[in-house]
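Residue numbering for the sequence shown is 100 to 283, as defined by the numbering used here.
Read the structure below first, then the notes.
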Amino acid sequence: MKIYTKTGDAGETGLFGGERVGKGEARVEVYGTVDELNAALGLACVALDGEQAADLQGIQRDLFVLGAELACAPGAAEKLRLKLIDRDDIEELEALIDRAEAELPKLMNFILPGGSEAGARLHLARAVCRRAEREFFRVASEAGLRSELGVYLNRLSDLLFVLARRANARAGAPEVTWSSRSDG
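Right under this line is the structure:
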């Protein structure tokens, strides 16, 4: 099968279910950003050890499902024959947050993104996740999208923040706290 189909050359793309929509539509922006998030997680994985990378790869699999649901015409998601994102997936993210947070000192100040290579990559993925979340909520009610998808993205951005902090702690990279310019 060839990678190019030429069906998108006029600025349209197909949703699962057959509907054609403009590539600039808000819904397409959301699943494009979820794809970008998945790539950012892949970039973070290469800087992490086996267990941490495995956790992120599980999330990458979830993001394929989430993106597939976003790319469905109304009513077509049920035909995907995939286990859609649900409360159990959100609770798994919460468990990962709790486990990672247990290794960290309490956060008392805003911190600047950065630190170790892994930490910086996770902070970048977090920022992409936050954008995906904002884009999702911009179109969710109008497009009839399930709220679990937005909750998942929200929880994932929290997880990525905590994982960035943990990666920095494990690498011995100090957290740089934010201070306003007036603080000197």
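Note that beta-carbon positions come from the ideal geometry of N, C-alpha and C, so glycine has one too.
Is the beta carbon of alanine 272 sitting closer than 7 angstroms to the one on arginine 220? No Cβ-Cβ contact shorter than 7 angstroms links alanine 272 with arginine 220.
Does the separation of the CB atoms of alanine 152 and glutamate 118 fall below 7 angstroms? Taking a C-beta distance under 7 angstroms as the contact criterion, alanine 152 and glutamate 118 do not qualify as a contact pair.
Should serine 60 be labelled buried (16 or more other beta-carbon atoms within 10 Å of its own) or exposed? Nothing in the structure corresponds to residue 60, since the chain is present only between 100 and 283.
Straight-line Cα distance separating glutamate 128 from phenylalanine 115: 16 angstroms
DSSP three-state label for glutamate 111, please. strand
When DSSP builds the beta bridges, which residues end up paired with threonine 276? Ile210
Considering Cα atoms alone, identify which of Ile189, Glu241, Gln156 is closest to aspartate 307. Because the chain in this structure spans residues 100 to 283, residue 307 falls outside the shown range and cannot be described.
State yes or no: is the beta carbon of glycine 116 nearer than 7 angstroms to at least one beta carbon in chain B? Going by chain labels, chain B is absent from the structure shown, which holds only one protein chain.
Given a cut-off of 7 angstroms on the beta-carbon distance, is the pair valine 145 and leucine 165 in contact? no
Is the beta carbon of threonine 112 sitting closer than 7 angstroms to the one on lysine 105? No, these two residues do not count as a Cβ contact at 7 angstroms.
Between which two residues does the alpha helix (DSSP H) harbouring valine 120 extend? No alpha helix (DSSP H) contains valine 120, which is instead part of the beta strand (DSSP E) from 119 to 121.
Valine 275 versus glycine 214 - alpha carbon distance: 8 angstroms
For aspartate 148 and glutamate 216, what's the separation of their Cα atoms in angstroms? Aspartate 148 and glutamate 216 have their C-alpha atoms roughly 12 angstroms apart.
For the alpha helix (DSSP H) containing alanine 172, list its first residue and its last residue. Where alanine 172 is concerned, there is no enclosing alpha helix (DSSP H), given that its DSSP letter is neither H nor E.
Within the chosen definition, does the segment 230 to 241 reach the segment 181 to 197 through at least 3 CB pairs nearer than 8 angstroms? no
Can you round the beta-carbon distance between asparagine 253 and glutamate 232 to whole angstroms, since I take them to be within the 8 angstroms contact cut? Asparagine 253 to glutamate 232, Cβ: 6 angstroms. Contact.
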